[in-house]
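To keep things clear, I will list the structure first and then write my remarks on it.
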Amino acid sequence: MLLWKLPAAALAAAVRTGEVSAREVVDAHLDRIAEVNPQVNAVTQLLADRSCAAADGIDRRRAAGETLGPLAGVPFTVKESTPIEGVPTTFGLRRFSALTARADAVPVARLRAAGAIPIGHSNLPTLILSGMHTRSELYGDTRNPWDATRTPGGSSGGDGAAVATGLAPLGLGNDSGGSVRVPASFCGVAALKPTTGRFPADQRVLGPEDPGLASQLLVVDGPLARTVGDLRLAYETLAGPDPRDPRAVPVPLYGPAPERPVRVALVADPGGHGVHPTVRAALDRAAEALRDAGHEVHELADLPRFDETTEYYHSFPVTEFAPSWPAVRELLGEAATRYIDFTMRRTPPMDAAGLMRMASATAGIRREWAALMQDYPLVLGPVFTEPPVEPGLESSSQEGRDRVAEAMRLCCATTLLGLPAVAVPTGLAEDGLPVGVQLVGSAFREDLCLAAAQSVEDRLGTFTPVDPR
């Protein structure tokens, strides 16, 4: 039995019953990392000794008759921007290579308390700012395991590639506009972007000050996994309030059970800017799977005030970031600098009046989306409206940057509105690359997203872990 092929739920069950030891699980994944990571470059700082010691502790607890957690012995990767106690939080930057974390980030601590074991940090674009492709100054490029000429996505691309190749069954990334959903789609795995306020996190990573409002509202932690069931386990572990994050609220994990399968709005081309036939076919497959599960699926032409929503999404963080850009520019390489310049050229900062208009308009947009979701509690749409693109397209030219931003537009809109979404794979396209879709729910209805994604997975299957090509 190849332990690195098993999902997190199966591994944890085997450890709890004593069928395998936690140490055997960790050793199997360390061997897989040694074999595969040189090809994909997903894991950056490997925590071999620490993960073995943690596994031995779990095995001692089981031998002593203690009750083990729901993720007992499950290895997971952690994005380089998320602190692990005693390990540098580098953000992929040489200048931060000695920035050792004093404590686990809240989501790391919660996964560890459930018995999961951080096995290593994972790669990301430098400072998370340098584009969608996972390339960092400190660690280089992460490669898509299906095709090295395509990007694995980002900014949680290290976790996407790691989970897809069996380096770990779970990855802990974060999402501020598609950063777990895009790598999940490009690498053939699943991911959850939770409602803003569902998962707690202390965002004071680079100093004692809290980040700006855009960072507070747009960035959420999110898990990646090979199965929707494993996403559900991570969801149940990560959710709930914490005094370190007053934004996190005590909303029940599961809302009222629907009396019948919920209605789904299929929006294949949000904004009407075009969708690749491969992605359209994936959406049709997912829609048919949902119909087979009993859902009513109705195609809608668009979503409320969609282009306005994405415009505000791009303007908000640029406005917050612009004053610090001259200082940040000194930290970044040429490609990252080009990407930011392209972004700010396309979306200049707003003035104070513009920010006030955005705040007012966003409330109205949320109201219109909420009204739509009274009739259609789930929206089925693309993660990225194209197949995986070449690495660094977004930093190659203004046209490349705009093309990438447009392709991930539904991710951007749902981020601004703080809505939950689950990315789920639908199979392999004719070119052999994975393709996926996302299911978006109303606020704090992750349960509906996960249930519908499970219906898609049950009918279309999973197809990772994969050996790199």
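Under the numbering used here, the first residue of the sequence shown is numbered 91, with each subsequent residue one higher. Each residue gets a CB set at the ideal place from its N, CA and C atoms; glycine is no exception. Source: prediction; values computed, not measured.
Could you tell me the distance, in whole angstroms, from the CA atom of residue i to the CA atom of residue j?
i	j	result
G256	T180	24 Å
C277	A254	6 Å
D265	E484	18 Å
G243	T232	9 Å
A191	E175	5 Å
G482	P273	14 Å
A324	V168	13 Å
G551	A513	14 Å
A143	S212	20 Å
L393	E378	21 Å
Q306	S405	15 Å
A145	G361	49 Å
A251	A443	42 Å
D431	S486	11 Å
Q293	L506	18 Å
V172	V295	Here residue 172 is Thr; the residue named in the question, Val, does not match the sequence. Rounded to whole angstroms, T172 to V295 spans 8 Å at the Cα level.
A561	S111	No information on residue 561 is available, as it lies outside the stretch 91 to 559 that the chain covers here.
N127	A238	13 Å
W459	C502	15 Å
Given a cut-off of 8 Å on the beta-carbon distance, is the pair residue i and residue j in contact?
i	j	result
A372	V318	no
A533	G508	yes
H385	P351	yes
P558	Q129	yes
T604	R499	There is simply no residue 604 to check, as the chain begins at 91 and stops at 559 in what is shown.
S220	A383	no
T241	P478	yes
G159	A203	yes
R334	V196	yes
L356	L321	no
A206	L136	no
F289	V310	yes
Counting only beta-carbon separations shorter than 8 Å, does residue i have a partner in chain D?
i	result
D292	You won't find chain D in this structure, because it holds only one protein chain.
Is residue i helix, strand or coil by DSSP?
i	result
F553	coil
F166	strand
C464	A small correction: the amino acid at residue 464 is Gln; Cys does not occupy that position in the sequence shown. Note: Q464 maps to helix in three-state DSSP.
V279	coil
A315	strand
T82	Past the edges of the chain, shown from 91 to 559, lies residue 82, and the structure says nothing about it.
E389	strand
G302	coil
I148	helix
Q293	coil
R225	strand
G364	coil
T452	helix
Please look up how many angstroms separate the CB atoms of residue i and residue j, rounded, as I've assumed it's under 8 Å.
i	j	result
P259	V164	6 Å
A270	G312	The residue you asked about is not Ala; residue 270 is Val in the sequence shown. Confirmed, Cβ separation roughly 4 Å.
D465	R535	About 14 Å separates the two Cβ atoms, so there is no contact after all.
G302	E410	4 Å
* Taking only runs that begin and end inside the stretch 520–550, name each unbroken beta strand (DSSP E) of 3 or more residues, in chain order. => If only complete runs of 3 or more residues are kept, the stretch 520–550 shows the beta strand (DSSP E) at 524–531, in order along the chain.
* Asked: Which residue spans inside the stretch 227–291 form an unbroken alpha helix (DSSP H) run of at least 4?
  -> With a minimum length of 4 residues, the continuous alpha helix (DSSP H) runs that stay inside the stretch 227–291 are 247–254 and 271–277.
* Within the stretch 155–220, ranges of the beta strand (DSSP E) (whole runs, at least 3 residues) -> Within the stretch 155–220, the complete beta strand (DSSP E) runs of at least 3 residues are 165–169 and 207–212.
* To do: Could you name each continuous beta strand (DSSP E) segment of 3 residues or more that falls completely within the stretch 371–422, going from the start of the chain to the end?
  => Whole beta strand (DSSP E) segments, 3+ residues: 387–389.
* Secondary structure, alpha helix (DSSP H): runs of 4+ residues fully inside the stretch 473–517 -> Fully enclosed alpha helix (DSSP H) runs of 4 or longer: 488–497 and 499–507.
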